[in-house]
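Peer 1: Under numbering that gives the first Met the number 0, the first residue of the sequence shown carries the number 0, and numbering increases by one thereafter.
Think of the CB as a built atom: it goes at the ideal place given N, C-alpha and C, for glycine as much as any other residue.
Dumping the structure here so I can ask a few things about it.
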Amino acid sequence: MGQTWGTDSQGGFLTTPELSRKIREAAQPMCRFRQFVRPEEDFGRNMGDRLEFTKTSNIAVQGRKVSELETVPTSSITIFKDAVTADEYTNSIEYTWKLEILAKLDINSPIISALKNDMAKVLDKACSIEFKATDLVYCPQGTETNKAYTLSTTGATNVATRNMSVWDVKNLVDLMKSTYKMPKFDGNNFMSVCTTTHMRGLKDDSEYFDAVKYGDPERFFTGELGRYYGCRFTEETNALNGNKAGGLGEAVYFGEDAVIEIAVYPEELQAKLGEDYGRNRGIRWVWVGGFKRTWDYSSEGDARAVYVTST
Numbered sequence: 000m001g002q003t004w005g006t007d008s009q010g011g012f013l014t015t016p017e018l019s020r021k022i023r024e025a026a027q028p029m030c031r032f033r034q035f036v037r038p039e040e041d042f043g044r045n046m047g048d049r050l051e052f053t054k055t056s057n058i059a060v061q062g063r064k065v066s067e068l069e070t071v072p073t074s075s076i077t078i079f080k081d082a083v084t085a086d087e088y089t090n091s092i093e094y095t096w097k098l099e100i101l102a103k104l105d106i107n108s109p110i111i112s113a114l115k116n117d118m119a120k121v122l123d124k125a126c127s128i129e130f131k132a133t134d135l136v137y138c139p140q141g142t143e144t145n146k147a148y149t150l151s152t153t154g155a156t157n158v159a160t161r162n163m164s165v166w167d168v169k170n171l172v173d174l175m176k177s178t179y180k181m182p183k184f185d186g187n188n189f190m191s192v193c194t195t196t197h198m199r200g201l202k203d204d205s206e207y208f209d210a211v212k213y214g215d216p217e218r219f220f221t222g223e224l225g226r227y228y229g230c231r232f233t234e235e236t237n238a239l240n241g242n243k244a245g246g247l248g249e250a251v252y253f254g255e256d257a258v259i260e261i262a263v264y265p266e267e268l269q270a271k272l273g274e275d276y277g278r279n280r281g282i283r284w285v286w287v288g289g290f291k292r293t294w295d296y297s298s299e300g301d302a303r304a305v306y307v308t309s310t
């Protein structure tokens, strides 16, 4: 056989493969936590790295009926102080001047896109740590036909034996309203940021399906899936574990003002200052700030969130 396409030396070298001008990017997780923090607008650059904030308890002894000549009762409040500290978060990608001038495809575009994705994931995880730091931890136990649960006030101490159901959602919402008297996130509903596994446990329950099907609310938050029993659900795949013991998918249920954020230096992409006459180049993302849960139940007797997880 003479010249053939299948052998480079006999014909294959007569052409070069075409290069697609579309650069494919790796899939990204859903980042949801940060949209639910409360930014401290009055704190920023040139104000140090620490913001202290003050909290007050309810009155120690409630008022009561008194007789005409009885002395007015006296009570008091407890004042708590906490703080949030700013840290620098960053990452970078370096490249050479030679790569930039020889590459057929634009090198800056995929680098910038990758850095933006990385920044979103890193900051959302940092934010989620404070949501998960709550002392209140709900753990589904028992079986599907004989459900039970534990609620720890000292962090995760129990092992789940099943996934979530609408029965558990009702328990959680009732506990948040009645026992812990948490203020609702939007005045009418609590919020839940949860894994796909967690939501699957709810969606497999016909009671949840019917409630969402016939009572679909307006959805304002990124990734919001629906509302049930006074709780709005948002799905995420970045910071929570969807494969805990008993098939449990993690979630955080919370009310108003659960986590605060300070930003000393806002999110920004920066070009590396030239080295070796600009032959060594780079781009980084940077953010200087911090997150902090607002209440510590163990020392202050107040909470704004419940973490659903298993040891």
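1) Can you grab the Cα-Cα spacing for the pair S75 / S56, in whole Å?
2) DSSP three-state call for V37: helix, strand or coil?
3) When burial is assigned at 16 or more other CB atoms within 10 Å of the CB, is L13 buried or exposed?
4) Rounded C-beta distance between N157 and S309? I'm assuming under 8 Å.
5) What does DSSP give as the partner residue(s) for V192 in the beta ladder?
6) Hey, A82 and L122 are a contact pair by Cβ (cut 8 Å); roughly how many whole angstroms apart?
7) What do you get for L247, buried or exposed, if any count of 16 or more other CB atoms within 10 angstroms of its CB means buried?
8) Starting from K124, trace the alpha helix (DSSP H) in both directions and tell me its first and last residue.
9) Look at R303 and F253 and say whether their C-beta atoms are less than 7 Å apart.
10) Could you check how far apart the C-beta atoms of T149 and C138 are, in whole angstroms? I think they sit under 8 Å.
11) Please confirm whether V168 and E206 have their CB atoms less than 7 Å apart.
12) If you check the beta carbons only, do G288 and A262 fall under 7 Å apart?
13) Enumerate, from N- to C-terminal direction, the unbroken beta strand (DSSP E) stretches of 3 or more residues contained entirely within the region 257 to 299.
14) Please report the Cβ distance between R161 and G141, rounded to the nearest whole angstrom; I am assuming they are in contact, meaning their Cβ atoms lie under 8 Å.
15) Taking a contact to mean a Cβ-Cβ separation below 7 Å, would you say P38 touches E260 in this structure?
16) Indicate whether the contact test is met: 3 or more Cβ pairs, each with one atom in the region 189 to 202 and one in the region 227 to 246, closer than 8 Å.
17) Should K180 be flagged as near chain C, meaning a C-beta pair shorter than 7 Å?
18) In whole angstroms, give me the CA-to-CA distance for S127 and L101.
19) Give the list of continuous beta strand (DSSP E) stretches no shorter than 3 residues that lie fully inside the region 24 to 91.
20) For my contact list, S91 and R283 are in at a C-beta cut-off of 8 Å; report their separation, rounded to the angstrom.
21) Look at the alpha carbon of V307 and the alpha carbon of V136, and state the distance between them as a whole number of angstroms.
22) Exposed or buried, what is K125 when buried is set at 16 or more other beta-carbons lying within 10 Å of its beta-carbon?
23) I need the DSSP call for K226, collapsed to helix, strand or coil.
24) Curious, which full-length beta strand (DSSP E) runs of at least 3 residues does the region 127 to 175 contain?
25) Would you check if the region 17 to 36 and the region 172 to 183 touch, i.e. whether three or more CB-CB distances between them fall below 8 Å?
26) Once the 5 residues before and after G229 are set aside, which same chain residues still bring their CB inside 8 Å of it?
27) Roughly how many whole angstroms lie between the Cα atoms of K103 and K97?
Peer 2: Quick answer:
1) Counted from its first residue, the sequence shown places residue 75 at position 76. Counted from its first residue, the sequence shown places residue 56 at position 57. Between S75 and S56, the C-alpha separation is close to 9 Å.
2) In the sequence shown, residue 37 corresponds to position 38, counting from 1. Rather than Val, the amino acid found at residue 37 in this sequence is Arg. If DSSP states are grouped into helix, strand and coil, R37 belongs with the strands.
3) Numbered from its first residue, the sequence shown carries residue 13 at position 14. With fewer than 16 other Cβ atoms within 10 Å, it is exposed.
4) Locating residue 157 in the sequence shown gives position 158, counting from the first residue. Locating residue 309 in the sequence shown gives position 310, counting from the first residue. Yes, they are in contact, since the Cβ atoms of N157 and S309 sit about 7 Å apart, within 8 Å.
5) Your numbering for residue 192 matches position 193 in the sequence shown. Answer is T233 and V251, bridged to V192.
6) On the sequence shown, residue 82 is found 83 positions in, with the first residue counted as 1. On the sequence shown, residue 122 is found 123 positions in, with the first residue counted as 1. Going by Cβ atoms, the distance from A82 to L122 rounds to 20 Å, so no, they are not a contact pair.
7) Here residue 247 refers to the residue found at position 248 of the sequence shown. L247 comes out buried.
8) Working through the sequence shown from its first residue, we reach residue 124 at position 125. That run of the alpha helix (DSSP H) goes N107 to K131.
9) Taking the sequence shown and counting its residues from 1, one reaches residue 303 at position 304. Taking the sequence shown and counting its residues from 1, one reaches residue 253 at position 254. For R303 and F253, yes; Cβs fall inside 7 Å.
10) Counted from its first residue, the sequence shown places residue 149 at position 150. Counted from its first residue, the sequence shown places residue 138 at position 139. Between C138 and T149 the Cβ distance is about 5 Å, and since that is below 8 Å, they are a contact.
11) Looking up residue 168 in the sequence shown gives position 169. Looking up residue 206 in the sequence shown gives position 207. Contact: no.
12) Within the sequence shown, residue 288 is the residue found at index 289, counting from 1. Within the sequence shown, residue 262 is the residue found at index 263, counting from 1. Yes; because the gap between Cβ atoms is below 7 Å, this pair is in contact.
13) 258 to 270 and 279 to 292
14) For the purposes of this step, residue 161 is taken as the residue at position 162 of the sequence shown. For the purposes of this step, residue 141 is taken as the residue at position 142 of the sequence shown. About 7 Å separates the two Cβ atoms, so the contact holds.
15) As a first step, residue 38 is located in the sequence shown; it is residue number 39 there, counting from the start. As a first step, residue 260 is located in the sequence shown; it is residue number 261 there, counting from the start. For P38 and E260, yes; Cβs fall inside 7 Å.
16) yes
17) Chain labels in this structure do not include chain C; a single protein chain is all it has.
18) As a working note, residue 127 is residue 128 in the sequence shown. As a working note, residue 101 is residue 102 in the sequence shown. Roughly 42 Å separates the two Cα atoms.
19) 49 to 55 and 78 to 84
20) In the sequence shown, counting from the first residue as 1, residue 91 sits at position 92. In the sequence shown, counting from the first residue as 1, residue 283 sits at position 284. Confirmed, Cβ separation roughly 3 Å.
21) Residue numbering aside, residue 307 sits at position 308 when the sequence shown is read from its first letter. Residue numbering aside, residue 136 sits at position 137 when the sequence shown is read from its first letter. About 6 Å.
22) The residue labelled residue 125 in the question sits at position 126 within the sequence shown. Contrary to the premise, residue 125 reads as Ala rather than Lys in this sequence. That one is buried.
23) Working through the sequence shown from its first residue, we reach residue 226 at position 227. For the sequence presented, residue 226 should be read as Arg rather than Lys. In the structure shown, R226 sits in a strand (DSSP, three-state: E or B).
24) 136 to 141 and 146 to 151
25) no
26) By 1-based counting over the sequence shown, the position of residue 229 is 230. Excluding residues within five positions, the ones whose Cβ falls inside 8 Å are V172, K176, K183, N187, N188 and F189.
27) One-based indexing of the sequence shown puts residue 103 at position 104. One-based indexing of the sequence shown puts residue 97 at position 98. Those two C-alpha atoms are separated by around 12 Å.
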